[in-house]
Structures are given as C-alpha cells and as structure tokens.
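Structure, as structure tokens:
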Amino acid sequence: MLEFDLIKYQSQQLLFHFQGAIKLEGICTVFGDSGAGKTSLIRAFAGLDNSFSGLLNFKQCQWQSKTSFIKTEKRRIGMVFQEPRLFPHLDALGNLQLACKKASKSLYTINELAELLDFSSLLGKKSHQLSGGQKQRIAIARAILTDPQLLIMDEPLSSLDQHSRKLLLPFIKNVSKSIPIIYITHSMPEVFYLSQQMILIEQGRVEAIGEPQTLFLNPKLSLAKHAHSGLLLNVDSLTWDKDYSLLHGLVDNQEVLLTVDTQPSETSLQIKVESKDVIIAAQRLSGSSLQNCLQVSIEQIEPLSAGSVLLTLSTGKQKLLAKITLKSLTELDLQLKQTVFAYIKAVSILGECL
Amino acid sequence: MLDALDYSAIFLTFKLAGLTTLILLILSPPLAWWLARSKRFYRPFVEALVALPLVLPPTVLGFYLLLSFSPDSLFGGLWMSLTGGTLAFSFSGLLIASIIYSLPFVVQPLQSAFVNLDKDYLEVASTLGFNSTETFYRVVFPMVLPSFIIAGALGFAHTIGEFGVVLMIGGNIPGETQVISIALFDHVETLQYEQAHVLSFTLLAFSMTLLMFIYGVLQKRQKRLTNA
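Order-wise, the sequence lines are chains A and B. Letter by letter, the first sequence follows residues 1341 to 1694 in the numbering used here. Letter by letter, the second sequence follows residues 3 to 230 in the numbering used here.
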C-alpha cells in the first residue's frame, strides 16, 4: 500500500490536500484536468517537493512524517518526467550506464531494453541528435535500470509519435507485472488500457480512487463530463474475416463486427463508442445497414440538457452510454431495467495504438 | 636579450599563477554553488565581497593586505606564531594576496554555469539514487567542465597580470616576489627597452591566445552542453 495525507500551503492558502491510499500492484493511473495537481502529487510521492507536509507511507516504510523526510535518492523511485531530461553531456549509452551505478540488479539489461524499445542503433547518439520519441524511450529505459521499487511516470507518451506509443504501451503494461507503476495521463484510452486503479484529482484534492470504469460512470464525480462523450468497451475473442475485411469479436458474449484494413495481432482490443452514435430500439430492426446491435438493459436515465437525456446501458459486465432526445424517451416509453436494443453507428478502435 | 633574473621572474610568475589557480579551483566551486543557489538574505553581501577585487584599485587591496600581514595584526601575528616568518614581502604573502585578488575571476564563471544548470537534471540525478556529493561529481562537474577550464584559465591569466597588489605587499625581491610585471617595470625604468619588449610581447601573446581559446572554444562548448 501507498498511503498518503499530504498538504501544501502557499502564502497561508491551502493549495493542495492529497489524501488516500492505493494498492501497489500493476498500474495506478492519475487522471484529472490540467492544473488540478497531478504532477504536484507525484512530485510529493517522489520527495522532489519538500514543501509538502504530512504523512507518506510506502509499504512498511515511512517516507515522510512530521519528524522525518526520506530524500528522493533513498526512496528508490524510477521517474519518467514529461520531458525526457537526458543528460546532454552524455550519449544514450552513457545516460543508461549512469542509471546502473546505484542499482544492484535490474529487471532488464541495457541490451535487452535497447532491443525491446528499439533503440539499439541510437546508443552512441547524444540527446540533441535524437527525436522526442527516441529520447523518451531511452528515458523510460533509464528509469527502469535504476531497479526501482516504484516507477512514476508523468504523461510519458503525451507528445510521442505513433511508433513510440505502439512500442511503449504494451511494454509499460508488461513492466507493471514486476514493478508497481503510478502513471499520469490525460488520455482516457490510456487509463482503460493500462490500469485497474485510478486516482482522480480535482482542484488540488483527491476526488476519488477506484476502478476506472466505476469512476467514469459515477455521475457525482467531475469525470461525468468526459464520460458524456462515450465509454470504452473491451472486445475479446477476435476472429478475422478476410473476405469482408471484418473483425468479429465479443462484448460480454454478444457479437460485434469491426471494419479494419489488416488483421490485428492482438486477440482483444478496446473500442470507444460515442454516446451520440448509439441508437435505441425497442425491437430488433430489420432491413437496415446497421451491423452492430447489443441487447442491453437500461440502468440509469439522466437528464442532460433541455431536450436530451443520457441513458446508461449495461451489457452485463460492461456499460455504454446513449444520448437520445427527450422526445424519443417519451415516445418509446423507456423505463429503468427495461431490455432494449442498442445499435451502434460508429466505433473507434483503440487496442492497437491508443 | 633576457637575463637570468628575467627567467627567474617568468618562472616565479607561472609558479604563483599555477598555485593560485589550483587553490582557487578547490575553494571556488562550493562558494560559487552557494552563491548560485542560496536564498539567504546575506548572499548579496558575500557576493559583493567576492566581486570587490574587480572594482577596487589593486593598491587599496594591497594596502589592507599589508596591514593585515603585519605581525602586530591578528592575522599576521597568528601567521608569525605558526610559521615564524612574516607574510609581507614573501612568496606565501603573494600567494594569499593573489588568491583574494583573482577570486572573482574563478568564482564568477562557475557561478553563472551553476545558475544556468537546469534544476531538472539535479532532480533526475536524485531519482537515479545519487546524493549531493555523487550528483556533483557524476553530473554537475562533467556538465560544466568547460566552465571549470574557463574559470581556471581566467584565474591563471589574471594572476599573471597582477601588478599593483604585488608592488604593495611583495616588493621586488628576485626569486621571491619579483614577477614578470614588476621585472618589466624595472626594465622600463632603467631604459632597457629591448627586454621590456620581449616580456611585454610574451605576456600579450599569451593572454590573447588564452582569451581566444576561452571565447572561441570553451564558451561555445559549454553552451552546447547545457542548452542541448
């Protein structure tokens, strides 16, 4: 467990008060608006901001209390900053070797990481000769080589090219099996792909901690505004239909069809369904071009604005949202718990590259 | 052309400059680091004190040093009881004076390098597990190495060029305190222009080469290192 109760004042005004506890397994994402305090939170975790007061316990270890403050270098944290921050006087290899100086062992060797993150040919290059994505891959390798007991990443992929993202996302997920990771992101797909646990930060406070899907569906949280645009669904048991260039998959045992150009390598992926792309029908439609239909039950009906409502629909384990007009709601006479058919007009596929 | 006394003056000058630079390169980094990072209210006072030799007439500095070197003064008395000699008109006195006189030339390039050093890199160093000493020699020192060479070169060149302070506290004792600038002054006074020419031109050429090396090579290299 990582337990924290951290406070920071600025000119006698309470600026931040972060309180909570997270499990140290897998990836815990930190989500919230710009300026909400995400980076401040992780800097306090890392001991890089000693103007925080309060308590911070990492497992049995007290990192910070009223009377004690363990310095960053003693916390054994691997840190990936938003910018790569490679040392400019060293080449890539020099940067990585420096990280090994204080590490007794490491999950991977430099060569293994170079292979996995595709930078073997860049080891002799200096920081200014590398692109943003290349630098960040090396910075991530550098953090892992310090043999950290916790890895903290501050929007590591926010400014990266597709190639780097595609390489890094599965890699990071894999690393999290051995090293717990705290991961700041702005991206909802990243949250859903990476984490089972999420800290929601809002205006300098921890608003909630929990499973991402649960938090995104909670109308009481500030997240509702993100969710209104749509939710993510996990699709598994993928099979490929070459003749139609179609991918068959299952959402809670109901079939969906996705149009993709090439056969994907994964067996599962995520789709995002925008709430405005969902059509509700009381009976199955015949003679339409719509391919994807899910049988769902209405879990919640929430007025959005004059004239429109948001329905929360459940496929069993997963949920999706539909934005329909008040007129449709009345005319179809939709009720809570009622079983209806949700036709999906369009989906965006996220599994391959978020 | 040059006589034995001139060669002894040249040797003495380089010995003085070399020792001064060496000692300053040990003393200055912590001081420059403190000046670059400290937020104490008395930091400007210390900074002004270090910079004084830049603006003060060397004779003023020399005068106060002469007073403090006297065996009647606290410092001079202490030195006397420790070593049995006086500082005035001795090589040791000259060395102490040079260290004070050249201090700003070594501290200032280091200080500005430390100010320009992005704090971000120090944070990275601490996440790599380095304490402040390790951070200094593993990260800071290699990153500002050109500035260290600039600081050393400026301190060295400036010590070679000092005249007023030497005149006040060192006098003109061959082999002990007679440096190039004093020997040159002697030659001009006794109308030995040929020797004066050789000494002057040697100093001119040496200083010009050193400064060109600093501005043409080292400063560019430092910029490349910290702005990359």
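Just so you know, even glycine gets a beta-carbon here, dropped at the ideal spot from N, CA and C.
- A:Gln-1623 and A:Leu-1573 do not touch by the CB rule: their CB atoms are close to 23 Å apart, not below 8 Å.
- Taken through DSSP and simplified to helix, strand or coil, A:Arg-1545 comes out as strand.
- Of the candidates A:Glu-1452, A:Gln-1537 and A:Thr-1412, the residue whose Cα lies closest to the Cα of A:Pro-1488 is A:Thr-1412.
- Taking 3 residues as the shortest admissible run, the region 1511-1580 of chain A contains the following complete beta strand (DSSP E) segments, listed from N- to C-terminal end: 1521-1524, 1537-1542 and 1545-1550.
- Boundaries of the alpha helix (DSSP H) around A:Ile-1480: 1472-1485.
- Note on geometry: alpha-carbon atoms of A:Cys-1401 and A:Val-1680 lie some 52 Å from one another.
- By the C-beta density criterion, A:His-1468 is exposed, having fewer than 16 other C-beta atoms within 10 angstroms.
- Identification of chain B residues near A:Thr-1412 by a Cβ-Cβ cut-off of 8 Å yields Glu-125, Ser-128 and Thr-129, ordered along the chain.
- Taking the Cα positions, B:Phe-107 is about 53 Å away from A:Ala-1361.
- With 16 or more other Cβ atoms from the protein chains shown falling within 10 Å of its own Cβ, B:Tyr-103 counts as buried.
- Using a Cβ distance threshold of 8 Å, B:Ser-92 and B:Leu-18 do not count as a contacting pair.
- Within the region 1367-1388 of chain A, Ala-1386 and Leu-1388 place their CB atoms closer than 7 Å to a CB of chain B, listed in sequence order.
- Taking the C-beta atoms as reference points, B:Met-170 is found no nearer than 8 Å to B:Thr-85.
- If you draw a 10 Å sphere on the C-beta of A:His-1429, you find 16 or more other C-beta atoms in it, and that means buried.
- The DSSP assignment places 1412-1415 and 1432-1440 as complete runs of the alpha helix (DSSP H) inside the region 1411-1450 of chain A, in order along the chain (cut-off: 4 residues).
- Taking 8 Å as the CB threshold, B:Pro-144 lines the interface with chain A.
- With respect to chain B, the C-beta atom of A:Thr-1486 has a partner C-beta closer than 8 Å.
- Shown here for A:Leu-1557: same chain residues with a beta carbon closer than 8 Å to its own, the five before and five after excluded, namely Ala-1567, Leu-1571, Thr-1652 and Lys-1659 in chain order.
- In the DSSP secondary-structure assignment, A:Thr-1652 is bridged to A:Gln-1640 and A:Leu-1661.
- Looking only at B:Leu-67, B:Ala-185, B:Gly-166 and B:Thr-129, the smallest Cα-Cα distance to A:Lys-1442 is reached by B:Thr-129.
- Separation of A:Lys-1475 and B:Glu-164 (C-alpha to C-alpha, rounded to the nearest whole angstrom) is 48 Å.
- The beta carbon of A:Glu-1551 sits closer than 8 Å to the beta carbons of Gln-1536, Gln-1537 and Met-1538 from its chain, once the five residues preceding and following it are set aside; these are given in chain order.
- With respect to B:Leu-201, B:Ala-185 sits close: the two C-beta atoms are nearer than 8 Å.
- Residue nearest to A:Gln-1631 within the set A:Ile-1684, A:Ser-1615, A:Thr-1554 and A:Thr-1407 is A:Ile-1684 (criterion: CA-CA distance).
- Counted as a single uninterrupted DSSP element, the stretch harbouring A:Val-1618 is not any alpha helix (DSSP H) but the beta strand (DSSP E) occupying residues 1618-1621.
- Spatial neighbours of A:Leu-1672 in its own chain (CB-CB distance under 6 Å, excluding positions within 5 residues in sequence) are listed in chain order as Ala-1622.
- Lys-1466, Ser-1467 and His-1468: these are the residues of the region 1456-1471 of chain A whose beta carbon lies less than 8 Å from some beta carbon of chain B, given in chain order.
- When only Cα atoms are considered, A:Leu-1590 and A:Glu-1365 end up about 28 Å apart.
- Taking 8 Å as the threshold, the shortest C-beta distance from B:Asn-133 to chain A falls below it.
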